[in-house]
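The structure appears right after this line, and notes come after that.
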Amino acid sequence: MSLEAGVRLRLGSLDLEASLAVEEGEVVALLGPNGAGKTTLLRVLAGLQPLAGGRVLLDGRVLEDAATGAYVPPERRPIGVVFQDYLLFPHLSALENVEFGLRSRGTPRAQAREEARRWLGEVGLGGHGGARPAHLSGGQRQRVALARALATSPRLLLLDEPMAALDASTRAQLRRDLRRLLAGFRGVRLLVTHDPLEAVTLGGRMVVLEAGRVVQAGSAREITERPRSRYVADLVGTNLLRGRVTGRDGLVELEAGGRLRALGAPSGEVFASVHPRAVALYRERPAGTPRNVWSGRPESMELLGDRVRVRVAGSPSIVAEVTPAAVQELRLGEGGEVWVSVKATEVEVYPA
Amino acid sequence: MLLAIPAAIGAAFFILPLVGLLLRAPWGDALRDLAAPETLEALRLSLVASLSATALSLVLGVPLAWIYARLEFPGRTLLRALTTLPMVLPPVVGGLALLLAFGRRGFAGAWLSAGLGLTLPFTTAGVVMAETFVAMPFLVLTVESGLRSMDTRYEEAARTLGAGRWTVFRRVTLPLIGPSLFAGAVLCWARALGEFGATITFAGNFPGRTQTMPLGVYLLLETNPGASIVLSLLLLLVSLAVLVGLRDRWLGSA
Numbered sequence: 017m018s019l020e021a022g023v024r025l026r027l028g029s030l031d032l033e034a035s036l037a038v039e040e041g042e043v044v045a046l047l048g049p050n051g052a053g054k055t056t057l058l059r060v061l062a063g064l065q066p067l068a069g070g071r072v073l074l075d076g077r078v079l080e081d082a083a084t085g086a087y088v089p090p091e092r093r094p095i096g097v098v099f100q101d102y103l104l105f106p107h108l109s110a111l112e113n114v115e116f117g118l119r120s121r122g123t124p125r126a127q128a129r130e131e132a133r134r135w136l137g138e139v140g141l142g143g144h145g146g147a148r149p150a151h152l153s154g155g156q157r158q159r160v161a162l163a164r165a166l167a168t169s170p171r172l173l174l175l176d177e178p179m180a181a182l183d184a185s186t187r188a189q190l191r192r193d194l195r196r197l198l199a200g201f202r203g204v205r206l207l208v209t210h211d212p213l214e215a216v217t218l219g220g221r222m223v224v225l226e227a228g229r230v231v232q233a234g235s236a237r238e239i240t241e242r243p244r245s246r247y248v249a250d251l252v253g254t255n256l257l258r259g260r261v262t263g264r265d266g267l268v269e270l271e272a273g274g275r276l277r278a279l280g281a282p283s284g285e286v287f288a289s290v291h292p293r294a295v296a297l298y299r300e301r302p303a304g305t306p307r308n309v310w311s312g313r314p315e316s317m318e319l320l321g322d323r324v325r326v327r328v329a330g331s332p333s334i335v336a337e338v339t340p341a342a343v344q345e346l347r348l349g350e351g352g353e354v355w356v357s358v359k360a361t362e363v364e365v366y367p368a
Numbered sequence: 127m128l129l130a131i132p133a134a135i136g137a138a139f140f141i142l143p144l145v146g147l148l149l150r151a152p153w154g155d156a157l158r159d160l161a162a163p164e165t166l167e168a169l170r171l172s173l174v175a176s177l178s179a180t181a182l183s184l185v186l187g188v189p190l191a192w193i194y195a196r197l198e199f200p201g202r203t204l205l206r207a208l209t210t211l212p213m214v215l216p217p218v219v220g221g222l223a224l225l226l227a228f229g230r231r232g233f234a235g236a237w238l239s240a241g242l243g244l245t246l247p248f249t250t251a252g253v254v255m256a257e258t259f260v261a262m263p264f265l266v267l268t269v270e271s272g273l274r275s276m277d278t279r280y281e282e283a284a285r286t287l288g289a290g291r292w293t294v295f296r297r298v299t300l301p302l303i304g305p306s307l308f309a310g311a312v313l314c315w316a317r318a319l320g321e322f323g324a325t326i327t328f329a330g331n332f333p334g335r336t337q338t339m340p341l342g343v344y345l346l347l348e349t350n351p352g353a354s355i356v357l358s359l360l361l362l363l364v365s366l367a368v369l370v371g372l373r374d375r376w377l378g379s380a
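If you read the protein sequences in the order shown, they are chains P and S. For the first sequence, our numbering assigns the number 368 to the last residue and increments by one with no breaks. For the second sequence, our numbering assigns the number 380 to the last residue and increments by one with no breaks.
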């Protein structure tokens with residue numbers, strides 16, 4: 017069981033051209049900023065948005081092929097979709113919502129009711145079958161939507177930001193539940209999200225979509241260590257610098273000004289990523305081992321858990337992560353000149 | 127104060143004629159007039175014809191509204207204008223047009239009577255037709271606006287759940303536009319109930335067959351003004367009940 021899609025289309029200002037392959041049993045998180053085309057890609061896979069070029073295959077079966085004009089309408093695709101705001105039918109009860117897909121696909125009434133009950137129980141809403149969506153909480157609605165999508169035993173499960181409409185307090189619990197339910201599902205799972213935490217906890221592999229293009233794909237670890245765009249770097253909270261290596265000395269000439277020494281840098285156009293934790297700050301110019309030292313001015317600070325992220329303007333500008341005690345000790349709030357130091361071993365350099 | 131005076135005059139303008147009806151109503155004879163066979167006959171015919179016209183409008187008008195709301199095709203604007211023309215056209219002109227098309231000598235009427243043996247003018251079926259002609263546009267426009275304002279993503283969700291277009295329409299679209307459907311049907315029915323011009327032109331004025339209440343009111347004005355007033359009051363009561371019942375669904379939201 018696998019999904020293979022090469023998709024090309026224009027929609028308003030969006031120019032989407034993306035390929036996606038998801039293997040049997042895999043969970044892929046489609047990550048990207050708003051307007052990147054994530055939802056549009058999902059709609060293409062569901063058959064709700066026609067293709068201009070390319071094709072979509074599920075288990076080797078053609079769902080759509082722009083070249084031959086082949087097109088399987090949504091109602092005949094083996095899919096289940098959880099929409100961003102769930103789109104539960106407001107005029108039907110929770111149970112009837114779950115039943116809807118089963119009935120539409122020809123399950124006899126009594127059996128459909130039986131299975132819908134079982135699914136509602138599965139998502140922990142056994143006692144809420146008679147309630148209309150308007151009388152359910154956001155989290156409950158999400159579970160009904162999930163039960164509704166899963167009840168028809170789809171082979172491709174599409175989830176469009178399933179957590180976006182929930183408040184933070186209910187998210188953690190629901191994320192755990194969703195993870196359990198997704199684990200029990202056999203088939204191809206594709207999750208659209210702009211929350212990296214969601215992608216990490218629910219997705220196995222991540223595909224990053226930006227402005228209609230896949231900019232990066234890989235495991236959470238790969239993406240965290242070697243981000244390939246400003247968006248991904250911000251997402252995983254790391255410093256990403258672009259530059260060029262000319263000699264064999266591992267010296268990266270940065271586009272934004274300045275240079276960084278790294279170990280084992282490839283030559284040519286490169287990305288250099290430095291985790292804020294690896295950036296040290298001093299008031300006096302440090303002496304000794306660190307190979308990269310430059311000066312700058314602290315610009316802004318942000319509290320992140322028990323750490324403080326300090327943005328230092330300089331050549332290059334960089335974000336450092338220090339303890340609140342260090343902020344006090346270095347009197348970072350007063351501004352002035354600070355020294356930035358990064359060990360060469362902490363600079364990850366990879367081809368751009 | 128600047129607004130209150132014209133507003134009061136405006137309200138009085140509508141209320142005074144009703145008071146006139148109430149003052150001149152022959153209350154003593156009202157019950158007798160109401161129970162007269164002609165009155166009951168006209169009332170029955172009015173109800174049967176207006177309800178039939180509403181049913182016909184639902185069957186034909188809802189699909190028409192769906193096409194206007196959901197399909198893009200050349201000439202849609204013109205077609206919509208043509209099919210809603212009866213809303214602004216003097217009903218007499220509508221009746222005349224119907225007569226010229228479906229009358230015995232009309233091109234469609236000749237074909238109907240030769241081919242199917244159907245004669246429409248001056249029959250109860252003709253009354254239903256005239257009323258449908260005048261009233262259906264109200265339903266079409268109301269339902270179309272309901273369809274346009276509904277969230278079509280529910281229909282998409284239904285399709286991903288395996289529902290074909292007809293199932294989607296029946297189980298999702300229709301229930302979701304329920305309020306518009308209801309308001310459209312009531313407006314259509316009220317318009318059909320009060321229909322006069324097109325009916326008298328196309329269907330004539332035969333008691334028991336084509337004489338509906340509005341026609342009866344007009345006719346009785348000559349022979350029995352008292353009964354005419356009682357009939358008018360009956361029509362007024364029905365219309366008022368409909369408007370009061372609709373105030374939240376349609377008038378309130380307008």
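For each residue, glycine too, the CB sits at the ideal point set by N, CA and C.
Bridge pairing for residue 209(P): 47(P) [DSSP].
Here DSSP, grouped into helix, strand and coil, assigns residue 357(P) to strand.
With respect to residue 324(P), residue 343(P) sits close: the two C-beta atoms are nearer than 9 Å. Proximity of chain S to residue 99(P) at the Cβ level (cut-off 9 Å) is accounted for by 279, 282, 283, 286, in chain order.
Exposed is the label assigned to residue 263(P), since fewer than 16 other Cβ atoms lie within 10 Å of its Cβ. Leaving aside the five residues that flank residue 114(P) on each side, the residues in its chain whose CB is nearer than 7 Å to its CB run, in chain order, 132, 135, 136, 160, 163, 164, 167. Of the other Cβ atoms in all chains shown, 16 or more fall within 10 Å of the Cβ of residue 332(P); this residue is therefore buried. Look at residue 120(P) here: in three-state DSSP terms it is helix. Looking at 200(S), 350(S), 318(S), the one whose alpha-carbon comes closest to that of residue 365(S) is 318(S). Separation of residue 247(S) and residue 135(S) (C-alpha to C-alpha, rounded to the nearest whole angstrom) is 43 Å. For residue 207(S) and residue 199(P), the gap between their C-alpha atoms comes out near 56 Å.
By the Cβ rule, the segment 144 to 160 of chain P does not count as touching the segment 200 to 218 of chain P, because fewer than three pairs are nearer than 8 Å. Where residue 288(P) is concerned, the enclosing beta strand (DSSP E) starts and stops at 284 to 290. At a cut-off of 9 Å, the C-beta of residue 91(P) has a neighbouring C-beta in chain S. Apart from sequence neighbours up to five positions away, the residues of its chain that approach residue 243(P) with a beta-carbon distance below 8 Å are 232, 249, 251, 252, 254, 256, 287, 289, ordered along the chain. Boundaries of the alpha helix (DSSP H) around residue 131(S): 130 to 150. At a cut-off of 9 Å between beta carbons, residue 310(S) makes no contact with chain P. Taking all protein chains shown into account, residue 278(P) has 16 or more neighbouring C-beta atoms within 10 Å of its C-beta and is therefore buried. For residue 287(S), there is no enclosing beta strand (DSSP E), since its DSSP letter is neither H nor E. Residue 231(S) counts as exposed, since fewer than 16 other beta carbons sit within 10 angstroms of its beta carbon.
Residue 173(S) and residue 281(S) have their alpha carbons spaced roughly 36 Å apart. Only residues of its own chain outside the window of five on either side were considered, and among them 270, 271, 272, 285, 286, 287, 288, 368 have a CB closer than 8 Å to the CB of residue 258(P), listed in chain order.
Excluding the 5 residues flanking it on each side, residue 167(S) has same chain C-beta neighbours closer than 7 Å at 333, 334, in chain order. For residue 183(S), the enclosing alpha helix (DSSP H) covers residues 163 to 196.
Close to residue 169(P), with beta-carbon spacing below 8 Å, lies no residue of chain S; the smallest spacing is near 11 Å.
Taking 8 Å as the upper bound on Cβ-Cβ separation, chain P lies near residues 301, 302, 304 of the segment 299 to 329 of chain S. The residue among 192(S), 182(S), 131(S), 270(S) with its C-alpha nearest the C-alpha of residue 260(S) is 182(S).
Within 7 Å of the CB of residue 290(S), the CB atoms of chain P belong to 91, in sequence order along the chain. In the three-state scheme derived from DSSP, where H, G and I count as helix and E and B as strand, residue 345(P) is classed as helix. Rounded to whole angstroms, residue 86(P) and residue 79(P) show a C-alpha spacing of 7 Å.
Under the criterion of beta carbons closer than 8 Å, residue 322(S) and residue 217(S) qualify as touching, at roughly 7 Å.
Distance from the Cα of residue 28(P) is smallest, within the candidate group 61(P), 39(P), 53(P), for 53(P).
The C-beta distance from residue 359(S) to residue 147(S) rounds to 6 Å, short enough to fall under 8 Å. Residues of chain S with a Cβ closer than 9 Å to the Cβ of residue 164(P) are, in chain order, 283, 287. The Cβ of residue 245(S) sits no closer than 9 Å to any Cβ of chain P. Between the segment 90 to 103 of chain P and the segment 175 to 191 of chain P there are three or more C-beta pairs closer than 8 Å, enough to call the two in contact.
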